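Step one of this worksheet: look at the structure below.
Number of protein chains: 2
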Amino acid sequence: MAQERTLLIGPLSASAQGPLYLQIVNALKREVSEGRLPGGTALPSFRGLAEDLLVSVITVKRAYEELEREGIIYRRQGLGTFVSEVATDRSREVKTERARGLFREGAREAAEAGLSPRAVIQLAQSVLKEYADDEPVSGEPKHVRKRA
Amino acid sequence: MAQERTLLIGPLSASAQGPLYLQIVNALKREVSEGRLPGGTALPSFRGLAEDLLVSVITVKRAYEELEREGIIYRRQGLGTFVSEVATDRSREVKTERARGLFREGAREAAEAGLSPRAVIQLAQSVLKEYADDEPVSGEPKHVRKRA
DNA sequence: CATGCTGTGTATATTTACTATATACAGTTA
DNA sequence: TAACTGTATATAGTAAATATACACAGCATG
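Residue numbers (our numbering), protein chains in the order written: chain B, 1 to 148; chain A, 149 to 296.
Here it is in structure tokens:
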């Protein structure tokens with residue numbers, strides 16, 4: 001085991017849930033926002049990641065370009081690609097904002113479906129609760145009451 | 149003579165928020181789910197809607213095909229396109245399911261942003277409340293009296 | 001009643017934009 | 001120089017959107 005061959009991000013499902021380069025973007029954003037890639041960390045090289053994920057170099061490039069545009073990573077020709085110092089914060093900001101947008105859109109859809117404001121809130125809460133049960137967030141201890 | 153020239157759905161922003169045909173689909177689903185298009189109502193013709201929205205006939209066709217696949221409308225060659233009898237229910241089902249998916253995805257994003265389960269719920273509630281303030285939903289169905 | 005007009009939806013070939021690729025080019029450092 | 005890194009150009013494949021020509025239903029009319 002020369003180097004940790006730990007696949008930084010899982011294999012991509014070929015165009016199963018969106019463009020490949022966006023799958024890479026989202027997977028890396030997740031790693032960053034959850035603290036597994038602190039600022040300054042060197043990301044895999046274009047060719048390395050491309051080989052691991054069975055995609056072309058260009059696809060990785062597009063993904064990295066997108067991440068750089070969002071201020072999460074930066075690239076240096078001849079040197080490599082690195083996680084920005086403010087990456088975690090930026091990534092979390094982006095994700096929180098995205099979550100807000102999703103909740104907003106969900107509320108609109110539910111309202112258009114004819115649900116009353118109360119019913120919308122109830123629907124949202126049931127989903128959130130179900131999610132919290134299924135997927136314990138990060139490694140922090142949390143007590144889950146199985147009783148619903 | 150000309151019928152009500154009321155643009156059934158507003159103008160489309162050229163590829164500003166997704167494919168044109170999906171914008172048409174969503175706009176019509178909204179009209180249906182909110183009760184402004186009861187079952188049996190005749191929809192605008194391909195050419196008429198295409199002209200109003202400044203898109204091609206094919207784009208309208210794709211939109212109507214999608215709506216028919218979801219059981220919201222049905223088409224009759226030489227006659228026209230009509231709102232299904234179960235359209236409102238079907239549309240509301242689809243929208244509710246979509247809302248559920250959006251809430252789920254929002255919860256995931258928020259969790260990945262590092263928010264605690266409690267904070268996620270708080271974020272969601274703040275958004276929902278803000279939405280309810282802006283748009284008094286009041287599931288009060290307006291009686292759309294149809295002239296015989 | 002047969003006919004043609006005008007409305008409706010339908011089908012095919014084409015253009016355009018985006019995704020993903022292979023291949024060749026350029027910078028950094030031991 | 002050698003072996004890494006990121007970069008740029010030209011090339012297929014796919015989906016969205018289009019123009020054009022076709023087929024069916026209703027109605028006015030001779």
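All residues carry an ideal CB built from backbone N, CA and C; glycine is no exception.
Computed from a prediction, not measured in an experiment: that's the story for all the values here.
Per-residue contacts from residue i into chain A (C-beta, under 7 Å)
i	result
B:ARG62	By Cβ distance, chain A contributes nothing, its closest Cβ being about 19 Å from B:ARG62, past 7 Å.
B:GLY99	A small correction: the amino acid at residue 99 of chain B is Ala; Gly does not occupy that position in the sequence shown. Within 7 Å Cβ-Cβ: GLY254, GLU257, ALA258, ALA261, LEU271.
Pick from the options that is closest to residue i, judged by C-alpha positions
i	options	result
B:VAL120	A:PHE230, A:TYR279, A:GLY188	A:TYR279
A:LEU227	A:PHE194, A:VAL173, A:LYS277, A:GLU182	A:PHE194
A:GLN171	A:GLY249, A:VAL203, A:LEU185	A:VAL203
A:ARG240	A:SER181, A:ARG266, A:PRO265	A:SER181
A:LEU160	A:VAL208, A:ALA258, A:VAL242, A:GLY187	A:VAL208
A:ILE157	A:GLY166, A:LEU176, A:LEU168, A:TYR169	A:LEU176
B:GLU198	A:ARG238, A:GLN165, A:ALA198, A:PRO192	Residue 198 of chain B lies beyond the range of chain B shown here (1 to 148); nothing can be said about it.
B:GLY18	B:ALA63, B:ARG108, B:ILE73	B:ALA63
B:LEU115	A:ARG217, A:ALA255, A:VAL242, A:LEU168	A:VAL242
A:SER232	A:ASP200, A:ALA258, A:LEU215	A:LEU215
A:GLY188	A:ALA247, A:LEU250, A:ILE221	A:ILE221
A:ALA246	B:GLU65, B:GLU109, B:VAL57, B:LYS129	Note that residue 246 of chain A corresponds to Arg in the displayed sequence, not to Ala. Here the closest residue by C-alpha is B:GLU109.
A:ARG178	A:ALA198, A:GLN270, A:THR244, A:PRO265	A:THR244
C-beta neighbour in chain A for residue i, strict 8 Å
i	result
B:ARG30	yes
B:GLU34	yes
B:ARG90	no
Interface residues of chain B facing residue i [CB-CB closer than 9 Å]
i	result
A:ILE269	ALA124, GLN125, LEU128, LYS129, ALA132
Distance between beta carbons of residue j and residue i, contact taken as under 8 Å
i	j	result
B:ALA124	B:PHE82	38 Å between Cβ atoms; not a contact.
B:ARG104	A:VAL234	Not a contact, Cβ separation roughly 29 Å.
A:GLY130	A:THR236	Summary: the structure shown does not reach residue 130 of chain A, with chain A confined to residues 149 through 296, and so no result is reported for it.
A:GLY254	B:LEU37	Contact flag wrong, Cβ pair sits at about 23 Å.
Where residue i meets chain A, residues with beta-carbon distance less than 9 Å
i	result
B:GLU68	The contacting residues do not exist; B:GLU68 stays about 20 Å from chain A at best.
Interface residues of chain B facing residue i [CB-CB closer than 8 Å]
i	result
A:THR244	GLU109, ALA110, ALA113, LEU115, LEU123
Minimum Cβ-Cβ distance from residue i to chain B less than 8 Å
i	result
A:LEU160	no
Within chain A, partners of residue i - CB distance below 8 Å
i	result
B:LEU102	LEU250, PHE251, GLU253, GLY254, GLU257
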